[in-house]
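What follows is a short report on a single structure.
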Amino acid sequence: MDNEIHEFLLRHLNGIMNNDIASYHETTAEDLTLYEWWVTPHRLDGLPFHEFMMTANESRGSVFGAEDKGKSRFDLSNLHIQHYGDTAIASYTLLISTSSPDGVKVAAHNESRVMVKFNGAWKV
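This note's numbering puts the sequence shown at residues 86 to 209.
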């Protein structure tokens, strides 16, 4: 396991899961483009999409990707990291577990992140 990339990825995802826009900006390139098939089949460009989602989720007491309100946590299943110099690719299944009055619900999303080191700092 590539600890440097793994720790960066966890910091990036924790920022999203904690609805922490400042942390998200620290770990994300301004020219971000991505596909999140479980959100929309279309490409998403730039940071405003996630900023809006994090702000909306925080106001309703939820986290990005969770199906319900409640205490949440995330795990990365089948994490595979490919590291090539100043570029790395992580692919995994993101498991978001959320407690509810009916028990724990788990949402699963297959994802990949491409990370590039800019001026000594990793960015998605």
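Yeah, the Cβ is synthetic: ideal placement off N, Cα and C, and Gly gets one too.
Please read all numbers here as calculations on a predicted model, not as lab measurements.
Boundaries of the beta strand (DSSP E) around Arg198: 188-203.
For Thr140, the enclosing alpha helix (DSSP H) starts and ends at 133-145. Distance between Gly205 and Pro186, taken at the CA atoms: about 45 Å. At the C-beta level, Leu180 and Leu161 come within 9 Å of one another. One thing to note: Met139 has its Cβ no nearer than 9 Å to the Cβ of Tyr120. In the DSSP assignment, Ser182 forms a beta bridge with Arg158, Val191. DSSP places Ala114 outside any alpha helix (DSSP H), giving it a letter other than H or E.
Rounded to the nearest angstrom, the Cβ distance from His135 to Ile101 is 7 Å, consistent with a contact under 8 Å. If you draw a straight line from the Cα of Ile90 to the Cα of Ser197, it is about 13 Å long.
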